[in-house]
Structures are given as C-alpha cells and as structure tokens.
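K.L.:
Each position in the sequence shown, counted from 1, maps to that position plus 1 in this note's numbering.
All C-beta atoms, glycine included, are put in the ideal place defined by N, C-alpha and C.
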Amino acid sequence: MKIIMLGAPGAGKGTQAKMIADKYGVPHVSTGDIFRANIKEGTELGKEAKTYMDRGLLVPDELTVKILLDRVAKEDCKKGYILDGFPRTIPQAQVLDAELEKLGEGIDFAINVDVPDNHIVERMSGRRACVECGATYHIVHIPSQKEGICDRCGKELVLRDDDKPETIQSRLDVYHDQTQPLIAFYTEKGILRTIDGTADMKDVFKTITGILGE
C-alpha cells in the first residue's frame, strides 16, 4: 500500500496520514523528517542535500527522490508507506514515477483531502498559541477557559504570523500554482481519490479507510 497525501496547507492531510499509518502499520514518511535525519546522521545523501540548504537553495528533485527512495527501501516500508509533503510539483511526481518504475513499483492511491480556501483561512486563523509554554488552542473548536489566556500556564495567547490570514492566503496561492496540478496528473493515472475534508476528522478517516479497505 503506497499512498500519496495531497491537499492544501491546513487541509488536515498530515493528521489523516498519521491515523492511516497507525491503522495499517505503515510508516508516515515526511520529506522534512528524512532530510533532517540524513543530515543528522551525516549520510552521503544528507551531506549533498546540506550543500544546497546551507546556501538557501531548494534541494534538486533528483536528489530529493534519491533520499526518499533510500528511506522507503528500509525494512519498515516493505508493507507500504504514506508520503506527506512530496511530490509538490509535476516534475517531482514524474521523477518519482520514473524511479519507482525502475524498481517495478508504483503509487497505489493519491488521496486528495479537499477543503475550500475560505474554510482553511477560517480554520487556521482561529488558532492561538501560548507565548510561554507553546500550548495551542482554537477560538471556536478548542477555546481556552479564559479568552486570550493559556489554561496551562496563565500566559498570553497570540495569533502566530504563520496563522495570519494574509500569510495563509499566500501559502494557498503557492499551493494552487505549484501543487494543485498534481490532482489532474494523478486523475489521469486513475489513482486519485478526493475526500471532503470539511467533514468531521473521524468521518474523513472513515471515508479514507473505506477506499483503502478495512
């Protein structure tokens, strides 16, 4: 079972990926985590990636795919894996497909967690974080007992820069420009499944497991 998670920032695909990983006993593979692990362990691929990152450059697609394939070749991925955060563009998807094809493998499902922009802006801009202990809340879904004050340590809750509506919209614009074309790419391959991400988290998960098979 090889799965790619798609969806805009804040759509909840990371949460669903973790739940799928737990249920089916396959790793949740995040490219960010892989980069950090390779750099920390000082692998050859990690050293090569670091030369780009240290200069503030994007790691080339071919190298990113090499690092990814090195990760999914490990024993814990024998039953499958869930890719979260990669591919982000059509060229990345094409390189991934080509390399998997050489191994006689391929992606089974691309799960698109679909949430309209206005829902995402509302969802993310309602988040609040404690300036002291880092605890997180939501003004609608997980409010603190006293408005603007952390339940845990009594310090102020703030709207982080990343959660400001203008920042969220900027990230969404990048997603629509670079990543959304993957929906058509995987539709053409016949492996895309789109889920209504505005539903309750448990209902979204139930829909996904219905697609993957209980």
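Go through its chain and collect everything with a Cβ distance to R153's Cβ below 8 Å, but skip five positions before and after it.
P.N.:
Closer than 8 Å at Cβ, skipping near neighbours: C131, C134 and A136.
K.L.:
Between the alpha carbons of V96 and G86, how many angstroms are there, rounded?
P.N.:
Computed Cα separation, rounded: 15 Å.
K.L.:
For I5 and chain D, any beta-carbon pair shorter than 7 Å?
P.N.:
This model lacks chain D altogether, as it is built from one protein chain only.
K.L.:
Which of the three DSSP states is assigned to R72 in this structure?
P.N.:
Here R72 sits in helix by DSSP.
K.L.:
Hey, quick one: how far does the beta strand (DSSP E) through V175 stretch, first residue to last?
P.N.:
Here V175 belongs to no beta strand (DSSP E); instead the alpha helix (DSSP H) covers P166 to V175.
K.L.:
On the three-state DSSP scale, how would you describe C78?
P.N.:
Of the three classes helix, strand and coil, the one that applies to C78 here is helix, per DSSP.
K.L.:
Measuring only the C-alpha atoms, how far is T179 from M6?
P.N.:
What sits at residue 179 in the sequence shown is Gln, not Thr. Cα to Cα, Q179 sits roughly 15 Å from M6.
K.L.:
Restricting to Cα atoms, I'd like to know which of A12, F110 and V175 is closest to D201.
P.N.:
Nearest of A12, F110 and V175 to D201, Cα basis: A12.
K.L.:
Would you decide whether I212 is buried or exposed? Buried here means 16 or more other CB atoms lie within 10 Å of its CB.
P.N.:
I212 comes out exposed.
K.L.:
Excluding the 5 residues flanking R124 on each side, which residues of the same chain have their C-beta closer than 7 Å to its C-beta?
P.N.:
So the qualifying residues of the chain are G11.
K.L.:
How many Å lie between T32 and I209 at the Cα?
P.N.:
Cα to Cα, T32 sits roughly 22 Å from I209.
K.L.:
In the DSSP assignment, find the alpha helix (DSSP H) that holds V205 and state where it starts and stops.
P.N.:
That run of the alpha helix (DSSP H) goes M202 to L213.
K.L.:
Taking contact to mean at least 3 C-beta pairs separated by less than 8 Å, is the stretch 40 to 50 in contact with the stretch 74 to 93?
P.N.:
With the cut-off at 8 Å, the stretch 40 to 50 and the stretch 74 to 93 do not touch.
K.L.:
Cα separation between R161 and K103?
P.N.:
Looking at the two C-alpha atoms, the distance is approximately 44 Å.
K.L.:
Using a threshold of 7 Å, state whether the C-beta atoms of I35 and A111 are closer than that.
P.N.:
No, Cβ-Cβ distance for I35 and A111 is not below 7 Å.
K.L.:
Rounded to the nearest angstrom, what separates I184 and D55 at their Cα positions?
P.N.:
About 32 Å.
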